[in-house]
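In what follows, a structure is listed as structure tokens, so that the remarks can point back to it.
Protein chains: 2
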Amino acid sequence: MHMTGDCLIGWQDIHHEGGFRAFDPTRCAELEPSFSSATMEDVDRACHLAAEAFVSCRLVPREQRAVFLEMIATALEDATETIVQRAMQETALPQGRLTGEMGRTTGQLRMFAAIVRSGEATDPKWDKALPDRKPMPRPELRQHKVGVGPVAVFCASNFPLAFSVAGGDTASALAAGCPVVCRAHPAHPGTAELVGRCIRKAALQCGMPEGIFSLVGGEAHEVGAWLAEHSAIQSVAFTGSCQGGTALAAIGAQRPDPIPVFAEMGSINPVFLMPEAMKKGAAQLGEAFVTSLTAGVGQFCTNPGLLVGLDGVDMDIFAKAAASALAAQNEGVMLTRGMADSYRGKVKRLMATDGVDLVALSSGNGETTRARGAFFRTTLSVFLQNRHLQDEVFGPCSLLVTCSSAEDILSLSRHLEGQLTVTFHMEAEDMALAQRLLPTIERKAGRILVNGWPTGVEVCAAMVHGGPFPATTDGRFTSVGGDAIDRFLRPVCYQNFPAELLPDDIRD
Amino acid sequence: MHMTGDCLIGWQDIHHEGGFRAFDPTRCAELEPSFSSATMEDVDRACHLAAEAFVSCRLVPREQRAVFLEMIATALEDATETIVQRAMQETALPQGRLTGEMGRTTGQLRMFAAIVRSGEATDPKWDKALPDRKPMPRPELRQHKVGVGPVAVFCASNFPLAFSVAGGDTASALAAGCPVVCRAHPAHPGTAELVGRCIRKAALQCGMPEGIFSLVGGEAHEVGAWLAEHSAIQSVAFTGSCQGGTALAAIGAQRPDPIPVFAEMGSINPVFLMPEAMKKGAAQLGEAFVTSLTAGVGQFCTNPGLLVGLDGVDMDIFAKAAASALAAQNEGVMLTRGMADSYRGKVKRLMATDGVDLVALSSGNGETTRARGAFFRTTLSVFLQNRHLQDEVFGPCSLLVTCSSAEDILSLSRHLEGQLTVTFHMEAEDMALAQRLLPTIERKAGRILVNGWPTGVEVCAAMVHGGPFPATTDGRFTSVGGDAIDRFLRPVCYQNFPAELLPDDIRD
């Protein structure tokens with residue numbers, strides 16, 4: 010597998026001088042080669058090819074589309090070693106994590122292949138004709154779902170494989186019959202190119218039309234804006250910051266022809282530590298919390314950034330256990346220098362907030378690309394007075410809010426914004442409190458967990474990785490699991506069609 | 010059934026002096042009584058009550074919700090005579106049409122009651138725990154859909170019953186478990202109040218929480234903006250003009266917490282008259298077209314506003330037959346004076362467009378609230394040079410575009426905007442052309458019909474009353490048929506939940 014630094018526009022490799030280099034956050038050094046920044050013309054050509062490919066895609070049999078997804082998975086597996094090595098350099102994520110993420114990525118591709126093959130996602134419907142109905146006969150009506158058109162996929166920094174070039178967004182868009190123009194994340198352009206070349210290889214092998222996939226890179230935000238603004242693009246999928254997601258959503262809404270933008274953004278993933286659960290095992294909970302908090306240097310959308318429980322002896326035990334566990338850990342290397350800078354800035358702001366106490370830090374000096382885990386504690390009244398305490402701190406930072414009564418816990422829950430997840434740690438005796446919390450939490454979270462930790466998102470039918478704003482731009486969809494395909498499908502009704510003209514999957 | 014002119018805020022009647030009156034477009038005279046314009050405080054109170062009701066709604070058993078919808082239908086039936094009489098005065102629509110529309114309205118309510126009862130719309134999913142899975146066990150995950158929260162429903166002018174206070178939007182929102190704050194259409198405030206009182210009566214009879222339904226009126230656009238901007242409102246459903254729909258969508262997108270706005274807007278509903286179908290019966294098609302064009306004074310979203318076919322003898326026969334049929338008709342009374350003014354302005358603009366020829370007008374003087382049917386003809390090149398020829402002319406106006414070849418017809422199809430419907434009139438010999446058109450048309454229309462007319466929208470499972478922008482603001486949804494409920498549902502995942510805490514419908 011050859012890495013050239015080019016943009017992949019359809020079957021063409023596009024090279025521009027004066028590009029940018031990836032950065033190795035572990036060594037704090039630039040990496041070879043230089044990567045081409047896509048021009049507006051590159052983006053335009055990729056989008057036009059995608060529009061043409063979308064027309065041809067309609068005639069691609071379902072089986073071919075499924076095989077295409079499977080062959081991407083195979084191509085990725087064949088190139089795993091090369092890809093993982095490059096991704097390690099570009100992201101500082103460890104080999105085990107990246108190998109696991111590759112398994113998740115190929116698993117997702119094969120899951121969507123199975124969904125395509127089953128035909129279930131197009132959800133065929135059929136209302137028979139009622140020729141004798143009075144006062145008017147009813148014509149025959151059939152319905153199925155078709156792809157919305159070319160999709161712009163924005164790669165996530167924190168999942169260089171599973172939420173990037175061949176990640177869940179690309180897999181679900183291709184499964185829906187939508188060509189993909191992928192915006193490589195500038196923090197891992199080499200990984201992006203290697204994965205992009207696997208997709209291209211599979212596309213050529215399966216006889217997919219040119220334009221089914223293109224990969225455009227660049228350091229500037231402009232590249233993404235050109236994509237989201239392009240008239241050929243019919244939907245946008247994004248995983249990243251609230252700022253980036255809302256900016257894209259605004260572009261989508263302000264186009265002459267507005268398009269839906271699904272952005273999976275931030276979340277502080279509140280964890281409610283209920284009294285009986287704390288009585289039973291506050292110390293173990295404190296240790297398990299730190300394991301979840303610091304996994305992947307806290308760089309998960311589902312990182313537990315807020316803890317809520319009653320003040321008292323059990324809470325002190327929890328905090329002490331968490332503090333010991335965190336202090337025993339070393340700092341970690343974040344994905345980019347920019348993220349580490351931002352993390353430090355937000356931790357500093359917490360340190361400077363009156364009434365917010367630092368409980369523990371992990372060891373290290375937390376400089377350049379490095380981040381020390383940070384655990385803070387405050388009270389409900391301080392939490393409610395400081396709106397910024399609900400802002401996501403991307404990285405291994407969490408805030409414990411102590412309450413003096415169950416009523417206070419309920420009050421806090423009503424002030425929460427939309428979340429990807431909310432967790433209850435509870436015992437049978439906490440059921441009454443859980444039942445009082447649930448109606449509020451259900452309105453605010455896409456996934457609610459009992460006695461687990463929010464990091465770790467299963468890829469399965471019942472998964473919801475979504476939630477009301479600001480967790481995402483549209484809480485009616487999920488970006489993980491089989492239903493992720495629904496973002497890129499729209500229904501079409503065929504009335505009184507002769508059999509010959511009906512699409513294959515809704516003929517008798 | 011008593012009509013007071015009040016706003017219905019929860020269980021309270023709110024009266025303000027200095028209101029506005031409905032207008033009888035047939036007699037061109039104001040109607041009693043005076044209607045209160047909702048203040049910002051009224052809207053705020055209605056929205057807060059709705060937010061409170063949404064919390065209580067979670068505990069309302071499915072059966073009670075279904076019965077509530079059925080009791081609204083019964084209450085409407087009991088009041089049909091009063092409601093239809095008032096609607097006739099306010100809209101100039103004939104008794105037969107309004108009685109039929111009432112049947113459609115009660116039918117929709119009962120259809121959604123059946124959907125609620127069946128539980129199918131909440132789409133329960135279940136991934137069993139895999140405790141022995143390596144390297145990590147899988148927890149149990151269950152999913153169902155819940156209501157998004159309070160919905161603002163904007164009444165349509167052209168369907169005072171089926172797309173207004175107790176229309177499809179309200180029925181589907183209530184079925185989803187969402188309280189409704191309804192913005193009465195200022196052109197039929199009396200009809201709105203009478204229907205609103207039926208909903209309130211049913212809500213009281215069924216023990217629904219206060220705030221499950223409120224009705225706010227007023228002449229100013231502000232009332233709608235206050236609603237769409239209110240933090241308690243989580244979704245907006247609108248049927249009306251492209252201008253109104255895009256304005257609401259912009260409000261929804263620009264809120265601090267953006268919300269989805271489903272606006273069903275304009276469409277010109279192109280009809281392709283294919284060569285063999287024309288050879289077989291151009292004259293009959295011309296007559297049938299005029300019947301569809303002038304039904305309800307052309308005031309349907311699915312009105313056939315554009316005809317496309319080959320120039321030649323058959324087309325002349327079609328045009329002549331249509332011209333005779335239209336000239337034999339009298340002008341009609343439109344819903345409002347404003348609509349008739351706008352209609353006249355747009356017809357005048359067509360008359361003034363070089364290369365667009367007037368083929369026929371229906372008789373009358375077309376003054377005040379009256380509109381004469383208008384049928385124009387032009388060529389492909391003129392059509393492609395004048396972007397405004399794709400603008401919807403709301404009312405009984407249509408434009409025939411003649412092409413000189415099948416290639417020209419295909420070229421026109423590629424220039425079409427998003428549509429609610431596209432129609433093919435075809436015979437077996439036209440199959441090749443239909444098959445070439447279909448991929449483009451499928452990308453642009455929510456419903457495609459063969460050998461019928463687009464007016465007449467069945468309420469059934471396979472119906473799609475939607476389409477890509479500008480037909481709607483989100484082509485992934487429909488506002489007619491069972492799937493209309495999907496606009497107001499979002500998925501929630503429950504991970505490792507004890508049975509006792511799970512919502513009823515996803516317990517074992």
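Those protein sequences? They're chains F and X, same order as listed. Plus 9 on top of the position in the first sequence (first one is 1) and you've got the numbering used here. Plus 9 on top of the position in the second sequence (first one is 1) and you've got the numbering used here. Every residue gets a Cβ at the ideal spot worked out from N, C-alpha and C, and that includes glycine.
{"query": "Could you work out which residues of chain X lie near Arg151 of chain F, taking near to mean beta carbons separated by less than 7 angstroms?", "result": "Ala471"}
{"query": "Given that a residue counts as buried once 16 or more other Cβ atoms are within 10 Å of its Cβ, and exposed if not, what is Cys56 of chain X?", "result": "buried"}
{"query": "Could you say which of X:Val356, X:Ala334, X:Ala415 and X:Gly364 lies nearest to Ala441 of chain X if we only look at CA atoms?", "result": "X:Ala415"}
{"query": "Start and end of the beta strand (DSSP E) containing Glu401 of chain X?", "result": "That residue, Glu401 of chain X, is in no beta strand (DSSP E); it is neither H nor E in DSSP."}
{"query": "Starting from Arg147 of chain F, find everything on chain X with Cβ-Cβ shorter than 7 angstroms and list it in chain order.", "result": "Glu467"}
{"query": "Show which residues of chain X have a CB atom less than 8 angstroms away from the CB atom of Arg67 of chain F.", "result": "Pro448 and Glu451"}
{"query": "For Phe506 of chain X, decide whether its Cβ has a neighbour in chain F, counting only Cβ atoms nearer than 9 angstroms.", "result": "yes"}
{"query": "Excluding the five sequence neighbours on either side, which residues of its own chain have a C-beta within less than 8 angstroms of the C-beta of Asp439 of chain F, listed in chain order?", "result": "Met283, Pro284, Glu285, Ala286 and Phe433"}
{"query": "For Val431 of chain F, which beta-bridge partners are listed by DSSP?", "result": "F:Ile457"}
{"query": "Note down the Cα distance separating Phe77 of chain F from Ile221 of chain F, rounded to an integer number of angstroms.", "result": "11 angstroms"}
{"query": "Got a sec? Which residues, its chain only, sit under 8 angstroms from Glu41 of chain X by beta carbon, not counting five neighbours each side?", "result": "Arg30"}
{"query": "Do you know how far the Cα of Ala369 of chain X is from the Cα of Ala336 of chain X?", "result": "6 angstroms"}
{"query": "With 16 as the cutoff for other CB atoms within 10 Å, does Val225 of chain X come out buried or exposed?", "result": "buried"}
{"query": "Under 7 angstroms between beta-carbons, which chain X residues line up against Asn374 of chain F? List them in chain order, please.", "result": "None at all; the shortest Cβ gap to chain X is about 33 angstroms."}
{"query": "Is there a Cβ from chain X that is less than 9 angstroms from the Cβ of Ala241 of chain F?", "result": "no"}
{"query": "Roughly how many whole angstroms lie between the Cα atoms of Ser390 of chain X and Gln98 of chain X?", "result": "44 angstroms"}
{"query": "In the DSSP assignment, what residue or residues form a beta bridge with Thr388 of chain F?", "result": "F:Thr411"}
{"query": "Just mark Glu129 of chain X as buried or exposed, buried being the case when its beta carbon has 16 or more other beta carbons within 10 Å.", "result": "exposed"}
{"query": "Quick one: does Cys251 of chain X have its CB under 9 angstroms from some CB of chain C?", "result": "As a matter of chain content, chain C is missing from the structure shown, whose protein chains are F and X."}
{"query": "Checking the sheet assignment: what are the DSSP bridge partners for Tyr503 of chain F?", "result": "F:Arg151 and X:Ile457"}
{"query": "Who are the neighbours of Pro267 of chain X on chain F, taking C-beta pairs under 7 angstroms?", "result": "Ala258, Phe478 and Thr482"}
{"query": "For the region 421-449 of chain X, enumerate the residues whose C-beta is nearer than 7 angstroms to any C-beta of chain F, in chain order.", "result": "Met440, Ala443, Gln444, Leu447 and Pro448"}
{"query": "Which residues in the same chain have their Cβ closer than 7 angstroms to the Cβ of Asn312 of chain F, if we skip the five residues on either side of it in sequence?", "result": "Asn278, Leu302 and Thr464"}
{"query": "Give every residue of the same chain whose Cβ lies closer than 6 angstroms to the Cβ of Ala349 of chain F, excluding the five residues on either side of it in the sequence, and list them in chain order.", "result": "Met343, Thr378 and Ala380"}
{"query": "For Glu296 of chain F, which of F:Ala332, F:Val306 and F:Gly318 has the nearest alpha-carbon?", "result": "F:Ala332"}
{"query": "Which residue spans inside the region 232-271 of chain F form an unbroken alpha helix (DSSP H) run of at least 4?", "result": "251-263"}
{"query": "Starting from Leu183 of chain F, trace the alpha helix (DSSP H) in both directions and tell me its first and last residue.", "result": "Gly177 to Ala184"}
{"query": "With DSSP run on the structure shown, which of helix, strand or coil describes Gly109 of chain F?", "result": "helix"}
{"query": "I believe Leu150 of chain X touches Cys469 of chain F by the beta-carbon criterion, under 8 angstroms. Please report the beta-carbon distance rounded to the nearest angstrom.", "result": "6 angstroms"}
{"query": "Flag this pair as yes or no: are the beta carbons of Ala237 of chain X and Gly261 of chain X separated by less than 9 angstroms?", "result": "yes"}
{"query": "For Gly490 of chain F and Arg499 of chain F, what's the separation of their Cα atoms in angstroms?", "result": "18 angstroms"}
{"query": "Would you call the CB atoms of Asp495 of chain F and Pro269 of chain X closer than 9 angstroms?", "result": "no"}
{"query": "Quick one: which residues of the region 89-112 of chain F get their C-beta closer than 7 angstroms to a C-beta of chain X? List them in chain order.", "result": "none"}
{"query": "Let's see if you can read the secondary structure: which residues bound the alpha helix (DSSP H) around Val204 of chain F?", "result": "Pro198 to Gln214"}
{"query": "For Ala138 of chain X, which option in X:Ala454, X:Gln152, X:Leu316 and X:Pro148 has the closest C-alpha, if you only look at C-alpha atoms?", "result": "X:Pro148"}
{"query": "Near Val232 of chain F, what residues of its chain come up, given a Cβ to Cβ distance below 8 angstroms and the 5 sequence neighbours on each side ignored?", "result": "Ser46, Ala47, Val52, Arg192, Val225 and Gly226"}
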